[in-house]
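**Student:**
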Amino acid sequence: TERTLVLVKPDGVARQLTGEVLRRIEAKGYRIAALELRTADRDLLAQHYAEHQGKPFFEPLVEFMLSGPVVAAVVEGQRVIEGFRSLAGTTDPTVAAPGTIRGDLGRDWGTAVVQNLVHGSDSPESAAREIGLWFPAL
Ligand code: GTP
Ligand code: MG
Numbered sequence: 007t008e009r010t011l012v013l014v015k016p017d018g019v020a021r022q023l024t025g026e027v028l029r030r031i032e033a034k035g036y037r038i039a040a041l042e043l044r045t046a047d048r049d050l051l052a053q054h055y056a057e058h059q060g061k062p063f064f065e066p067l068v069e070f071m072l073s074g075p076v077v078a079a080v081v082e083g084q085r086v087i088e089g090f091r092s093l094a095g096t097t098d099p100t101v102a103a104p105g106t107i108r109g110d111l112g113r114d115w116g117t118a119v120v121q122n123l124v125h126g127s128d129s130p131e132s133a134a135r136e137i138g139l140w141f142p143a144l
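Each number in UniProt numbering corresponds to the 1-based position in the sequence shown with 6 added.
Listed below in structure tokens is the structure:
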């Protein structure tokens with residue numbers, strides 16, 4: 007079975023939606039294999055978002071991710087990488103489909119970077135890399 011890295015981002019933790027996000031993951035039938043509340047640091051985020059370095063939204067994105075604790079989880083299940091991206095909905099919460107985490111719970115708050123509650127790895131390569139970054143002991 008597959009594993010993916012899920013983050014409840016600082017907006018999700020601050021809005022006390024961690025339980026709601028984990029509930030949806032578990033209700034879908036996925037297993038939580040690791041779970042931790044933690045505050046990221048700049049170095050970890052630079053590696054996590056390496057693909058976005060140099061883009062105009064990179065600095066606001068890192069600042070946002072440093073603005074409070076996140077909940078990091080390794081989630082396990084058949085085709086969970088694709089499955090969690092589907093549960094999360096598209097990047098922009100304004101237009102993410104109703105029924106998804108971002109579509110049901112997110113919106114545009116007019117902040118420097120769009121706040122969209124959760125992160126999920128986008129490929130098996132990303133999942134392996136990101137799990138290694140956030141949970142090096144796994
Ligand atoms: P993550 O799960 O956080 O990786 O989101 P994603 O995979 O849906 O989006 P992506 O990896 O492309 O971008 C990471 C984050 O950067 C997004 O969640 C947004 O907060 C921000 N972002 C991405 N694209 C844009 C953009 O075109 N403009 C702005 N302002 N922010 C962006
Ligand atoms: Mg991404």
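Note that CB positions come from ideal geometry on N, CA and C, so glycine has one too.
Would you decide whether residue 15 is buried or exposed? Buried here means 16 or more other CB atoms lie within 10 Å of its CB.
**Tutor:** Here residue 15 refers to the residue found at position 9 of the sequence shown. Label assigned to residue 15: buried.
**Student:** Could I get the ranges of all uninterrupted alpha helix (DSSP H) runs contained in the stretch 22-62, with 4 residues as the minimum, in chain order?
**Tutor:** 24-33 and 48-54
**Student:** Does any heavy atom of the ligand MG sit closer than 7 Å to the C-beta of residue 128?
**Tutor:** Taking the first residue of the sequence shown as position 1, residue 128 is located at position 122. Yes, the Cβ of residue 128 comes within 7 Å of a heavy atom of the ligand MG.
**Student:** Am I right that residue 12 and residue 125 are in contact with their C-beta atoms under 8 Å? What's the rounded C-beta distance?
**Tutor:** For the purposes of this step, residue 12 is taken as the residue at position 6 of the sequence shown. For the purposes of this step, residue 125 is taken as the residue at position 119 of the sequence shown. That belief holds up - the Cβ atoms of residue 12 and residue 125 are roughly 7 Å apart, short of 8 Å.
**Student:** Decide yes or no for the touch test of the stretch 83-94 against the stretch 19-36: beta carbon pairs closer than 8 Å, at least 3 of them.
**Tutor:** yes
**Student:** Looking at residue 104 and residue 110, is the spacing between their C-beta atoms short of 8 Å?
**Tutor:** Your numbering for residue 110 matches position 104 in the sequence shown. Your numbering for residue 104 matches position 98 in the sequence shown. In this structure, residue 104 lies closer than 8 Å to residue 110 by Cβ.
**Student:** Between the stretch 70-78 and the stretch 40-51, do three or more beta carbon pairs fall short of 8 Å?
**Tutor:** Taking 8 Å as the limit for Cβ pairs, the verdict is that the stretch 40-51 does touch the stretch 70-78.
**Student:** Give me the DSSP bridge partner(s) of residue 8.
**Tutor:** Counted from its first residue, the sequence shown places residue 8 at position 2. In the DSSP output, where bridge partners are listed per residue, residue 8 has 83.
**Student:** Tell me where the beta strand (DSSP E) around residue 126 begins and ends.
**Tutor:** Position 120 of the sequence shown, counted from the first residue, corresponds to residue 126. Taken as a continuous stretch (DSSP letters only), the beta strand (DSSP E) holding residue 126 covers 124-126.
**Student:** Please state the DSSP three-state secondary structure of residue 144.
**Tutor:** Stepping through the sequence shown from its first residue, residue 144 is reached at position 138. Coil, per DSSP.
**Student:** According to DSSP, residue 13 sits in a beta bridge with which residue or residues?
**Tutor:** Translated into positions along the sequence shown, residue 13 becomes position 7. In DSSP, residue 13 forms a bridge with 78 and 125.
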